[in-house]
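Enquirer: First, the structure itself, so that you have it in front of you.
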Amino acid sequence: MRRTWWKRILAAVTLVGVLIAAMFITVPERKELTVLESALRDVVAPVQTGLTFVSEEAFSRIRSVFTLGRSAETDELRQRIRNLEGELVSLEEFRLENERLRALLVYRDGQDQSRLLLARVVGRDPGNWFSTIRVNCGSEDGVRQDMVVVLPSGLVGRVLAVAEQTSDVLLITDARSGVGTLVQDTRLPGVVKGSLDRSGRLRMSYLTREEDVEPNQAVVTSGLGGVFPKGIPVGRVVSVSNDPSGLTRSAEVIPMVDFDHLEEVFIILSH
Amino acid sequence: MHVFVLALLVVAAVLLQTTVFQSLRVAGVSPNLILVLVVFFAISNGPRHGAVLGFVGGLVQDLLSGFYLGMNALSMALTGYIVGLGHHTLFRESPWIMAVITFVASLGAETVNYLLLLSLGVTILPGNAFFGVIIPVAVYNSAVAVLAYRRYYSSSTKGLLRNFTN
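Taken in sequence, the protein lines are chains X and A. The opening position of the first sequence corresponds to residue -8 in my numbering, with each subsequent residue numbered one higher. The opening position of the second sequence corresponds to residue 458 in my numbering, with each subsequent residue numbered one higher.
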């Protein structure tokens, strides 16, 4: 009897040890996935694609029954407004950039060099701790870790891990994400982070108290840090509050991208 | 037959959790349906079965997520085992009691996940973790438990999941 108990305890301890080791091996932010992880992702991806497709179809049909097609039109118009707002911010960014560059008599437009790869969202993280999506493009398509993911309306995130046929994207709403940004009008720098408060809003931290930050001001990427190219729309300021230290302020930022309805995204292959 | 039905239930929970309930987020969270199923199963069948289903269900969720493989498997196996200890002592017929058990079990499982994430170097402030994820998920899970338990209970006493342990 005692021997059986010892066997059970030993088996349980071994299993817990293996699981903890697996957790440490499979943390994100590694240079490469293991062969097994890569294969697992590519095997799971078709299932996730099917699930996502079935869910989208079912929701679309249920919505059209209840709203007699009005919802689709409203959704489309809302999406167009988001895209146009993103374009407006981009245009304003180009205008300001042109002014600065004219003053310096130097012209450089980095974004025209970009190569964009269209990727379809095939799955989302099933848990509540993280905000990641899986897309149907991987190393076979030229995707590499830390490549930037965007939509016409603004910044989506960056590539976290790459398998042969799929990639995982860390959304800017994830608590682990941090993006170097600027308030577009004042060029005040800060870091935009995701949060777990689930309001869908972002937090722009480390704003100095020297310059005012007003609601509705646009926030764009600063290009600092080397991952995100400069000038990509991130969001708009909703409110500003003083930090407990009294030295800096934080702003609540509503993202340009509608993260609840991501279906396709662009991966910037080079910039 | 029972294992087949249970496997179908796990697949259905995963399907719903990763698709329909992603669009039915309340307070920013979706329910953890696999955990709800583990709690139901553990209370009906005891600690060993609860731990096994918790391990399998958690591992499925970990595989879909792709990162921190084993985190949910560990927390759900532990939850399944502890809840299963109440197999003979807790009153199992009331969906309201199951809601309370599910609430407490969800708080426990998500707190274990939070502690594991902290040990893996993921910095999340306790306030954000508890008010942003742990408590909302526990509330949502217990609401799902109220709605789903009668159906599960009748299946486990008179239907396809009857006498699983036999």
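For every residue, glycine included, the Cβ atom is placed at its ideal position computed from N, Cα and C. Just so you know, these numbers come straight off a predicted model, no measurement behind them.
(1) List, in chain order, every chain A residue whose beta-carbon is nearer than 7 Å to that of Thr43 (chain X).
(2) By the DSSP assignment, the alpha helix (DSSP H) with Asn502 (chain A) in it spans what residues?
(3) Kindly say whether Leu1 (chain X), judged by its beta-carbon, lies nearer than 8 Å to any beta-carbon of chain A.
(4) In chain A, which residues lie with their C-beta within 7 Å of the C-beta of Thr17 (chain X)?
(5) Using 10 angstroms around the beta-carbon of Trp120 (chain X), count the other beta-carbons present and answer buried if the total reaches 16, otherwise exposed.
(6) Count the other CB atoms, across all protein chains shown, that sit within 10 Å of the CB of Phe497 (chain A); report buried if there are 16 or more and exposed otherwise.
(7) List the endpoints of the continuous beta strand (DSSP E) containing Leu187 (chain X).
(8) First and last residue of the alpha helix (DSSP H) that includes Leu564 (chain A)?
(9) Check the Cβ-Cβ distances between Ser487 (chain A) and every residue of chain X, and say whether any is below 8 Å.
(10) Could you list which residues in chain A have their beta carbon closer than 7 Å to that of Asp116 (chain X), in chain order?
(11) Would you verify that the beta carbon of Ile592 (chain A) is, or is not, closer than 8 Å to some beta carbon of chain X?
(12) With a threshold of 8 Å between beta carbons, is Asn119 (chain X) in contact with chain A?
(13) How is the alpha helix (DSSP H) around Pro593 (chain A) delimited, first residue to last?
(14) Just curious, the alpha helix (DSSP H) that Asn529 (chain A) is in, first and last residue?
(15) Can you list the residues of chain X that Val579 (chain A) reaches, using a CB-CB cut of under 7 Å?
(16) Strictly below 9 Å CB to CB, what residues from chain X border Leu575 (chain A)?
(17) Could you spell out the range, first to last residue, of the alpha helix (DSSP H) harbouring Pro19 (chain X)?
(18) So with Cβ pairs under 8 Å, would you call Leu564 (chain A) a contact of chain X?
(19) Classify Leu198 (chain X) as helix, strand or coil using the three-state DSSP reduction.
(20) With a CB to CB cut of under 6 Å and the five nearest residues on each side skipped, what residues in its chain are close to Ser144 (chain X)?
(21) Among the residues of its own chain, which have a CB less than 7 Å from the CB of Cys128 (chain X), if the five just before and after it don't count?
(22) Judging by CA-CA distance, which residue of X:Val112, X:Glu90, X:Ser81 is the nearest neighbour of Pro264 (chain X)?
(23) Residues of chain X with CB closer than 9 Å to the CB of Asn585 (chain A), please, in chain order.
(24) Taking DSSP's pairing of strands, which residues face Phe548 (chain A) in a bridge?
(25) Which residue or residues does DSSP assign as beta-bridge partners of Phe257 (chain X)?
(26) Check whether chain X comes within 8 Å of Leu465 (chain A), counting only Cβ atoms and requiring the distance to be less than that.
(27) Three-state secondary structure (DSSP) at Val229 (chain X)?
(28) Determine the chain X residues that contact Ala530 (chain A) at a beta-carbon separation under 7 Å, and present them in chain order.
(29) By the DSSP assignment, the alpha helix (DSSP H) with Gly708 (chain A) in it spans what residues?
(30) Could you tell me the alpha carbon to alpha carbon distance between Gly148 (chain X) and Val140 (chain X), rounded to whole angstroms?
(31) Would Pro206 (chain X) and Val229 (chain X) qualify as a contact pair, given that the criterion is a beta-carbon distance under 8 Å?
(32) Would you please verify whether the beta carbon of Val229 (chain X) is less than 8 Å from any beta carbon of chain A?
(33) On the three-state DSSP scale, how would you describe Ile581 (chain A)?
(34) Would you be able to state if there are at least three C-beta pairs under 8 Å between the stretch 550 to 564 of chain A and the stretch 600 to 610 of chain A?
(35) Could you round the C-beta distance between Thr164 (chain X) and Ser122 (chain X) to whole angstroms and report it? I think they count as a contact, below 8 Å.
Expert: On the basis of the data shown:
(1) Thr476
(2) 490 to 502
(3) no
(4) Phe524, Tyr525, Leu526
(5) buried
(6) buried
(7) That residue, Leu187 (chain X), is in no beta strand (DSSP E); it is neither H nor E in DSSP.
(8) 552 to 576
(9) yes
(10) Here the neighbours are Ser522.
(11) no
(12) Chain A contact via Cβ: present.
(13) 592 to 614
(14) 528 to 541
(15) Arg167
(16) Within 9 Å Cβ-Cβ: nothing; Leu575 (chain A) doesn't reach chain X, min ~11 Å.
(17) Segment: none, Pro19 (chain X) is in no alpha helix (DSSP H) and carries neither H nor E.
(18) no
(19) strand
(20) Arg73, Asn74, Gly77, Met247, Val248
(21) Leu108, Ala110, Val134, Ser158, Ile258
(22) A question about residue 264 (chain X) goes unanswered here, because the residues of chain X that appear run from -8 up to 262.
(23) Ala166, Ser186, Leu187, Asp188
(24) Its beta-bridge partners do not exist; DSSP assigns none.
(25) X:Leu109, X:Val141
(26) no
(27) Reduced to three states, the DSSP call for Val229 (chain X) is strand.
(28) Leu10
(29) Only positions 458 to 623 of chain A appear in the structure, and residue 708 (chain A) is not among them; the question remains open.
(30) Going from the Cα of Gly148 (chain X) to the Cα of Val140 (chain X) covers about 5 Å.
(31) yes
(32) no
(33) Ile581 (chain A) falls in the coil class under three-state DSSP.
(34) yes
(35) 5 Å
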